[in-house]
Structure formats: C-alpha cells, structure tokens
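Residue numbers (full-length UniProt numbering), protein chains in the order written: chain A, 1 to 204; chain B, 1 to 204; chain C, 1 to 204; chain D, 1 to 204.
Quick reminder that beta carbons are idealized off the backbone N, C-alpha and C, glycines included.
All remarks here apply to the structure that follows.
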DNA sequence: AATGAATGAGGCTTCATTCAT
DNA sequence: CATGAATGAAGCCTCATTCAT
C-alpha cells in the first residue's frame, strides 16, 4: 500500500537536489522564512544569503511564493518518505506512534532540512490555488497519522479519538518551535517520550 | 496575592472601551489580523472595516504596530482577570486546570473578543521593544499556568512536569484555531474535557 | 436620436475635469504617450511632468494602463459630443462629412486635448478587457461615420462604399501625425479640404 | 537610373537568407513584433518561436533593436527591388501607380515576408541613430512614390499634389492592417482598385 | 476628530545582455 | 554556434505615514 501511495506522490515532482543552486536557494529561504517570517523576508535577503543577485532568483522560481510552495511540498514529501520507512520497521502501534512523533519533531526542528513549521506558520501566505495543492499532500500526511491513532484508540492505548488527539499532538509539536531548544536540557528523543507519556493510558 | 498582581497590571493602562472608536478599531483589526495575517492586512483594510479613512486611524494609534500591541495587551489582561476570578471559585486543582483550559480556549476562539491566537501567530510582527513589553504580561500569564500545573504534578494528577506540559497544552489549544469550529459537532466545553482526558492520569 | 446616444454614453462616466489633479495627470500622460510611446513612458516620467511623486499617481489611477484607458475613453467621448453638435448644424451631406474630417483632424493634432492618435498607436497596450470597453465607444464613433458615408455614397458624391472609404480616410487622417505639422505651410482646415478633394467625385 | 539606385543600396548589406538561422529569426521576430508589439515581445518569446535559447540570439544580432533594424531595412530593400521591376514593365502612369499600391499592400499584409507595417508602428522603438539609417532607405522609397505621383498630378489624373496625396495613401494603406483581412470578402488586388477609384479623377 | 491627497521608501518582478562551459 | 545561469538596471506598484484643510 505504501509503495502505491509513494508512487502517487510522484506527480508532485522530484525533490530539489539540496546541492543544486535551486536546492540551496530553497534551504536558505526556508531558514529566513522561519527566522523572520515570509512577509518580512525580502527576495534581496534571500539572494544575499546565497550570494547572488535578487534578479537571479527568478531563474529558478517563478516568483517568491513558488519558493515557499517548493519548501512546503518538499518538506512533506521528505517526511512522508521517512515515515513510511519507519512504520515498516515495527508492528507495535505505540512504537509506530513513537516514530511518527519523533520524525515530526525532527522535521520541525530541522535536523536535516528546515521547513515543517512553515507549513503552519506561513500557511496563509499561500494563494488559494497553492493552498489547494499543498492540501492534497497534507491529506496523505494526515491520513497516515489518523490511521495509526485510530489503531491506538481501538487498542485502548489512548483515551481520545484520533481526530481530536491528532489535533492536540500537532499543536503540541508545532508549538515546540517557540520554547524548546535542541541544544537545551533534553534531547528531541526525550521530548518525544515526554509527549508520549502525557497522553498514554497508564495503569496504576 | 492575586489582587496584588492585578494592581501591578494597572501599569499597562486601561482596557479599551469596546464601544469607543478606538475599541472598535481594535476589534476590527484583530478580526482582520486573524483572518488575513498582520502583514497582509493594510491600514486601508482596517479603515474600510470600520467605515473611516485610513488617515484617521493615526488619531487613535501612533502606528499600525501599536494596534497589534494594544490587541495583545488587552487580550492578556482580560483573560488574566477572568482567570483570577475563576481560580478563586474552587480549591480543587483539576477544577482550576479545567477553568484555565476553558478560558484560554474561549479567548482563542473569540467568544467575547478576538485576539488570543494573535499572541502566537503574529508574535514576530512586533518590534523588539514591543515584544519585551508583551513578554512581561505573558510572564504573569504563564506563571499562573505554571503554578497550577506544578500543583497538579505534585499531587500526581498528571505525569509530566509543568514546563513541558504547559508547552504541550498551549500548542494543543492554539492549534485548535486551525481545525476546530465553534459551530461544529462539539462545544468548547466538550473540547476542553477531551483535552483534560488526554493527559489526565487514570486509575484502573 | 443623438440625445439618446449621448445619454447612453453616460455609463462611461464623467469626463475628467481638465483642471483637477486627475485631469492634469491625464493630459500630461497623453502628451508623453504620444511623444515617447506608452511603453517607453515610465510612471516616473509622468509624475515628474506634473510635479508629484510617482507613488502619488496611484491615488488617481489604479495602474498605468488605467491612465491610457481614461485618455482613450475621454477622447472619444469629447469628439463624439463635438461631432453630434456639428452634424446638427447642416443638412448637406458633404458639409457634414467636412465637419467630421476636420473634427477628427483636430482631435488627432490635439487642438484642445491630446489623445486621439493614441487610440490607434497604443491600441495593443490595452489588455483584452480594456480593449473591449473602448471598443464599445469606438462603435458609436464608427457608426456615426458609416452613417454619413453611406448617405454620401447613396447620393453618388463618392465612389466607394462606406466601409472601405472610412478605412481609407481613417488611415489617411491618423497618418498625418507622422508628416503634417500644424505650424507648417497649410492649416488643418486646408488639409481637410485637400482630403475632401482627393476622393470627391468631380464634374467635368 | 534605377540600376544606379539599386547599386547605391548595396551599402545596406545583403538581405538575410530567409532559410538561414538569422533569416528565420528575423521572420519570427517580425511576426511577433507585428502581433504583440516590439516592446511587449521579449527576446525569450523570439527564441522560443524558433526553438533556441534566448542567449543564442545574440550570436546573430548585437541586440534586440538590431533585429528590428534588420527587418525594416530588408523590408524596404525587398519592396524597392520589386517596385523597380514593376515600374519598368509599363509606361502608363496610372498603371505604375497601381503597381506601387498593390506592392505596398502586399508588403503590409505579408504576402512574402512580414514587416512593412512595422516601419510605421514601431518607428519610435528605434534609437535616433538607427532611425537616421532607415530614414535614408525610406527616402529612396518615398522618392519613388513622389516621382510617380508628381507625374500623375502633372497629367491631371489626380487632384492633389504628390506630397499630400502620398501622405493620404500611405495612411490609408497602413491602416488596412487594422481592418482588412486577406481571407475576407475581397482580395488585395480588389482592395487596391478600390483605393485607386477613390482618388482618381473621373469624368462625368 | 476626520479627511484624502501626497509622500517616499522599498518590495517584487522583468528582461536584455553577458559569459563560462 | 549553442546553452543557460547569472547579472543589474529599471519598471510598476504598495503602503504606512504625514499634514493642510
């Protein structure tokens, strides 16, 4: 099933090579968007960050919004790929859940590539048409979560229905951008465990 | 103690009268900021919303950012006041917590006044100086939460330390803007209960 | 009948007051467009011509193209009004024709206001939607010509059908921009007579 | 005499071979310039039209304006050559005139190569220096017309002096771009006759 | 208080042209 | 000869803010 889904995702085009000019532009933009916000980041800022002229940007992207679009699209695609792989590594629901949480956390905090948090924080910066496009990808992504959480609920490992629990978890994870530091007291892995502990049904 | 705190809060000035020109301007702005984002909302948009000319806005606010500042400040102040009142109504920690969650939810979904979610979503729109100012208020606010959550943890009603739990709850609540509708299947009260259920330690 | 037509033309809005800021902007733009061409005229050029900042232009016109649109629209409207008046002053077909030619010539050479020649030379600068709008006006205008020329042909004063003759006359008149100078040897009136002589059927 | 003139024209360089890369570039450009206007036609548009990259254009032409220059120059040269040939075929003034009109019409409507109408519509797109250069060619061209028209006037076949009549005819012919379609009711030959009829002196 | 024209800095984008490969 | 990434100047337009009325 998963291969089937991944095949469908091909329509969203190949991921940008992180070492290509386009890829570096995308990464630099993601960093700036996250730091200053999309609206406050000028194309000149972006150009300066990669050491080119602002006009050159438009060789790689039709316009500023396309950069954000590419970031969002690539981000989901990358995380989705990782998740499918991780889910295949175990049959235990709670272990699967643990994987999802950790991978989303890593995506949010940019272990490998920046950008996941932009999906929420800069959502409104997209035009309607582009929102629809990303929405399709987000659906694949959220369906994955829903599946696992539904299973967990059926097995009585958690107290709340998938729909609500996912909402809570997504919020809890995203918000970590604003208070959790990767270089702080605890690691992302530990943070993931704390969240698991928070909503896991426990016996006395 | 609480009265003492409320007294200190006086320095942040009086709340805008919701029926005054200034108050209506503030409310209209909050609505637009939430809908389109601060950056994409123009001063003309705001003026049009209340039926005046854009130039007239500057008789009430020094500049656009001051509007956002006032919204944020007033919002926290109002919620704080409500919370102090609610906390005084019971001695049970979990009931207190329940109150906090419900009041924050109401603030987020604008039962009485829009704006709480802007505190997170438009945080970066504030200049450094203004961030500091709001930060003071947020500290009062977050301290209140920390106090209650610490108590709950000490009484072993929850599994996770106040610092982390508050982070998770804040995120979970804020994110409801993006998926929960007040006119949907369940009420804010029920939603609050769902969240409580999520992280409450349960006995066999 | 004419009053009826003029009434319909009201939908195209009032003419710009030539002394208002908007009117002066329009006139200055028309002059520049004629001199350097629409594409080569920058909004800064226009602003400089009337002594304001380029940004201020957009208080009066939504964008650069709207200026051209206003010029074209106003121009036709003004000429049409003059033509209806002139046609009413005589019953002789050839005299009517003489009036039309002279009025169009005057419009082309900007006796009172610049702009008529732009209708042809800058036609392609308009977007499709705006072309349609002006087309409606041009139809009123061309119908007037067709009427008179058809009459002239029926009375055997001219050799060629209205459709073709109008095409020839329009071209002949417009092209005078490129070779005829108002300050030269002969006057516009004399030029008009030369054109009349060209295609008028003569007796031995 | 004519051979003498044609010899002088050699200084303007050889005509582009219509099948060479350069020739096809020139033809494609002419088509686009006519369709969208010089200013609105980008170098990329042109490149796309012939299936090369925009950078490659500059191997054939120094810059965009040189393309327009070449088009104009070649166009006049081609028409001139045809005209000299046609004029030699008859001694009758009115027949000669008929030839000129038809050939100019054909040039305008691009029977063999696009471009004549650009001489008028895009005249201002040329820099001063280039205008001077084309002006030299146009002089040869206009002198030819003047010669014939002067003869016709002397022979009392037309009513108006060459200078004015040529202005009218040029305008009438150019303007046909805007209303006459080669695939419509009448042919170019018939159109030429209509124009002849328009200004030819007739006896009762 | 309100108006609304004007400001002016700055944003995004276009595009002819260059040049190393 | 061709490519295509990069340039950099310039264009249009936006918008918060000011200020005379």
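Below the 8 Å Cβ cutoff, chain C contributes no neighbours of residue 49/D, its closest Cβ being approximately 18 Å away.
For residue 75/D, the enclosing alpha helix (DSSP H) starts and ends at 64-87. By the beta-carbon neighbour count (other beta carbons within 10 angstroms, threshold 16), residue 106/B is buried. Counting only Cβ-Cβ distances below 7 Å, residue 179/A has contacts in chain B at 167, in chain order.
Spatial neighbours of residue 78/D in its own chain (CB-CB distance under 7 Å, excluding positions within 5 residues in sequence) are listed in chain order as 15, 113. Around residue 195/A, the beta-carbon contacts reaching into chain B at under 9 Å are 160, 164, 168.
Pairing residue 154/B with residue 94/B, the inter-Cα distance amounts to about 12 Å. Within chain D, the residues placing a beta-carbon under 8 Å from that of residue 173/C are 171, ordered along the chain. Inclusion of residue 72/B and residue 126/B in the CB contact set at 9 Å is warranted, their separation being smaller than that value. Listed by position along chain D, the residues whose Cβ is nearer than 8 Å to that of residue 199/C are 198, 199. Bounds of the alpha helix (DSSP H) holding residue 143/D are 128-154. Closer than 9 Å to the CB of residue 124/C there is at least one CB belonging to chain D.
Against chain A, the beta carbon of residue 176/B has neighbours under 8 Å at 167, 171, listed in chain order.
Ranked by Cα distance from residue 33/D, the options 89/D, 68/D, 124/D, 98/D are led by 68/D. Chain-ordered listing is empty here: chain B has no CB closer than 7 Å to the CB of residue 184/A, the nearest sitting near 11 Å. One Cα belongs to residue 59/C, the other to residue 23/B, and the distance between them is close to 29 Å. At a cut-off of 9 Å between beta carbons, residue 120/D contacts chain C. By the CB criterion at 9 Å, residue 194/C and residue 164/D fall inside the cutoff. According to DSSP, residue pairing for residue 200/D in a beta bridge involves 158/D.
Distance from the CA atom of residue 169/A to the CA atom of residue 41/B, rounded to whole angstroms, is 30 Å.
Put simply, the backbone Cα of residue 151/C is about 29 Å away from that of residue 162/D. Apart from sequence neighbours up to five positions away, the residues of its chain that approach residue 87/C with a beta-carbon distance below 7 Å are 96, 99, ordered along the chain. Note that the C-beta distance between residue 171/A and residue 142/B is not below 9 Å. In this structure residue 173/D touches residue 108/D by the C-beta definition: roughly 6 Å separates them, less than 8 Å. Contact of residue 36/B with chain A by beta-carbon distance below 8 Å involves 124. Within chain B, no residue has its beta carbon less than 7 Å from that of residue 86/A; the closest one is some 22 Å off.
Apart from the 5 residues on each side of it in sequence, residue 91/B has no Cβ closer than 6 Å to any other Cβ in its chain.
For residue 100/C, the nearest beta carbon of chain D is not closer than 9 Å to its own beta carbon. Sequence-distant Cβ neighbours of residue 44/A in its own chain, meaning closer than 6 Å and more than five residues away, are 54. In this chain, the alpha helix (DSSP H) harbouring residue 99/B covers 93-108. Listed along chain A is no residue with a C-beta nearer than 9 Å to that of residue 152/B; the closest approach is about 12 Å.
In the structure shown, residue 18/C adopts coil according to DSSP, grouped into three states. When CB distances to chain A are screened at a threshold of 9 Å, the residues of the UniProt domain "HTH tetR-type" (19-79) of chain B falling below it are 35, 36, 37, 38, 39, 40, in chain order.
Residue contact with chain C for residue 137/D: absent (no Cβ-Cβ distance below 9 Å to any residue of chain C). In this structure, 70/A is the residue among 70/A, 26/A, 185/A, 29/A with its C-alpha nearest to the C-alpha of residue 133/A.
Under the 9 Å criterion on CB atoms, residue 191/C is classed as interfacial with respect to chain D.
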